[in-house]
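Participant:
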Amino acid sequence: MRKTIFSAFTAALALAACGGAQTAGTASEAAAEAPSSGALLDAALADERRSPEDRARDAARRPKETLEFFGVEPS
Numbered sequence: 000m001r002k003t004i005f006s007a008f009t010a011a012l013a014l015a016a017c018g019g020a021q022t023a024g025t026a027s028e029a030a031a032e033a034p035s036s037g038a039l040l041d042a043a044l045a046d047e048r049r050s051p052e053d054r055a056r057d058a059a060r061r062p063k064e065t066l067e068f069f070g071v072e073p074s
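Residue numbers (numbering that gives the first Met the number 0): 0 to 74.
1) My assumption, with CB atoms under 8 angstroms, is that P73 sits in contact with L39. Please give the rounded CB distance.
2) In the DSSP assignment, find the unbroken alpha helix (DSSP H) run with P62 in it and report its ends.
3) State the Cα-Cα distance for the pair R54 and E32, rounded to the nearest angstrom.
4) Could you give the first and the last residue of the continuous alpha helix (DSSP H) run that contains E45?
5) Check whether the Cβ atoms of D57 and L66 sit closer than 8 angstroms, and answer yes or no.
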């Protein structure tokens with residue numbers, strides 16, 4: 000009886016260990032493909048649709064640094 004329970008527990012533990020490694024690899028691949036928030040902010044600030052007035056204010060307002068300071072992340 001003890002051998003049966005021990006064997007079932009060992010098999011379940013081995014299956015659980017195999018499934019976890021695959022999930023961790025998928026998450027790291029998704030993180031590697033996502034662009035950084037700094038790059039996205041740079042792209043937004045360089046967008047041609049921004050007015051020249053807004054671009055002129057960037058030197059004083061420092062929008063990228065402000066957003067990074069407050070931890071604003073793109074959604």
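Note that beta-carbon positions come from the ideal geometry of N, C-alpha and C, so glycine has one too. Everything numeric in this text was worked out from a predicted model, so none of it was measured.
Facilitator: Taking the geometry as given:
1) The residue given as residue 73 occupies position 74 in the sequence shown. The residue given as residue 39 occupies position 40 in the sequence shown. Rounded, the Cβ-Cβ distance is 5 angstroms, consistent with contact.
2) If you number the sequence shown from 1, residue 62 lands on position 63. Note, P62: alpha helix (DSSP H), 62-68.
3) The count along the sequence shown starts at 1 and reaches residue 54 at position 55. The count along the sequence shown starts at 1 and reaches residue 32 at position 33. Using only the alpha carbons, I get a separation of about 30 angstroms.
4) Taking the sequence shown and counting its residues from 1, the one referred to as residue 45 is at position 46. It is worth fixing the name first, because residue 45 is Ala in this sequence and not Glu. Run containing A45: none; DSSP gives neither H nor E here.
5) Position 58 of the sequence shown, counted from the first residue, corresponds to residue 57. Position 67 of the sequence shown, counted from the first residue, corresponds to residue 66. Result no, Cβ atoms of D57 and L66 do not sit closer than 8 angstroms.
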